[in-house]
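A.B. asks: Under UniProt numbering, think of the first position of the sequence shown as 1, with each following residue one higher.
Following this message is one structure expressed as structure tokens.
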Amino acid sequence: MARKVMHAVQYEAYGGGPAGLKHVEVSVPSPKANEILVKVEAISINPVDWKIQKGLLRPLFFPGTFPHTPCSDVAGEITEIGAQVKDFKVGEKVLAKLTNREEMAGNVMKAVQYLAYGGGPAGLKHVEVGVPSPKADEVLVKLEAISINPVDWKIQKGTDVAGHIVQIGPQVKDFKVGDKVLTKLSTRHGGGLAEFAVASENLTAAIPSEVSAAEAAALPIAGLTARDALTEIAGVKLDGTGQPKNILVTAASGGVGHYAVQLAKLGNNHVTATCGARNIEFVKGLGADEVLDYRTPEGAALRSPSGRKYDAVINCTTGIPWSTFDPNLTEKAVVVDLTPNGGSLMTAALKKLTFSKKQMVPFFVNVKREGLEYLLQLMKDGKLKSVIDSKFPLSKAEDAWAKSIDGHATGKIIVEP
């Protein structure tokens, strides 16, 4: 490939927050036989990314090595494919979930890494590292967009990215060089805050021309968390064939919440949502039937303005005790807890052990290619949209990190290399 070096954002240790992110130049990775190289156009920052940096998710998630290039949900254009990639070609727009081993490939790219747990934004370091080489079933993606998720800073990562494939491994069948793709990187390895990243073919999806890299990169963790929480736990049929339910979505203006409102309405459900006063009209615009300001007494109590009891709650926030949920629930309701902590896990266990009809279920998403393709099709058909709160260049990745930690973004935060 013509370009040997790319910009990336890395951190060298846990902690440090936005200040721990460092701007570096590293080698552009080379895809192996079943991989694609994507020129990233948009990267989604997920809470899991900065949670990884902070070390909050140990021992479940932690970087394979330091320095570490976080973020794994990306969208962009394929610039190279491996010999075995069949379903993609150079130039295609794709969404992908990355798995980045940060292997040296003789080329250099810019990345953002951290070296240890903790440190927040200050722990992120801008570095130059070797471009990773894709394995037989992976693709190398030139990143165009990286989405920041809360899980990113909890474990200091970066996994939702989009771009275009620049190289593929020999076993890759579904992609080709140049394909625009969205991919979900390994939560353990991350690698999304960079100019290139390698992604597994089975966690990569082609991006329709109607969808931008930033819109695609926002999807993997947040979009699939919302979809699977609704369908797998709450029992919602997104095609509208199921029995309509009364659903509460908390923190509905955030990354997961804004998708949950839209998807719940696809299934012809009645949606009550909570958010701050400044976002009430925004959440109504997503389709919510009732919106509560969480700072008011009614909002804090989660009481439906129409007096409805909830069949399911998609809880996207923290700090709400079971005693607040309980009086608002129907007899066999379920609270899907997307931000479980010690207290909520104890509650969930107690409800299960006592065979309570009302249940609290902690939920962790398992990203699959089918899910990415499903959400991208909804976006292509105009049935789902990604709301972008803000975009930052890779050189300002620590500012994106800090904004995600602050917790008041409306929709998704995107980094663009």
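A virtual CB, placed ideally from N, CA and C, is assigned to each residue, including glycine.
#1: Below 8 Å on the Cβ atoms is my contact criterion, and I expect P134 with G169 to pass it. Report the Cβ-Cβ distance as a whole number of Å.
#2: Just to confirm the assignment: which complete beta strand (DSSP E) runs, minimum length 3, are found wholly within the region 362-400?
#3: Quick check on N341: buried or exposed, where buried means 16 or more other Cβ atoms within 10 Å of its Cβ?
#4: Taking buried to mean at least 16 other C-beta atoms within 10 Å of its own C-beta, is T69 buried or exposed?
#5: Less than 9 Å between the beta carbons of H164 and L37, yes or no?
#6: Looking at the unbroken alpha helix (DSSP H) that takes in Q53, where does it start and where does it end?
#7: Is L143 near G192, with beta carbons less than 9 Å apart?
#8: Mapping DSSP to helix, strand and coil, what is H258?
#9: Closer than 8 Å is the cut-off here; do at least three beta carbon pairs connect the region 246-262 with the region 340-360?
#10: Pull the bridge partners of L140 from the DSSP assignment, please.
#11: Kindly confirm or deny that the region 231-241 and the region 203-210 touch, where touching means at least three C-beta pairs closer than 8 Å.
#12: Looking at the secondary structure, which residues open and close the beta strand (DSSP E) in which E195 lies?
#13: By the 10 Å Cβ neighbour count, where 16 or more other Cβ atoms means buried, how is G158 classified, buried or exposed?
#14: With three or more C-beta pairs closer than 8 Å as the rule, is the region 177-188 touching the region 285-299?
#15: What are the partner residues of residue 419, as DSSP defines its beta bridges?
#16: What number of angstroms, rounded off, separates the C-alpha of L219 from the C-alpha of N328?
#17: Please say whether P208 and K86 have beta carbons closer to each other than 9 Å?
#18: Just to confirm before moving on: does the CB-CB distance between V40 and A145 stay below 9 Å?
C.D. replies: Short version:
#1: 5 Å
#2: 388-393
#3: exposed
#4: buried
#5: yes
#6: 48-54
#7: yes
#8: helix
#9: no
#10: Q167
#11: no
#12: Taken as a continuous stretch (DSSP letters only), E195 belongs to no beta strand (DSSP E), as it is neither H nor E.
#13: buried
#14: no
#15: The chain is shown from 1 up to 417; residue 419 falls before or after that span and cannot be answered.
#16: 30 Å
#17: no
#18: yes
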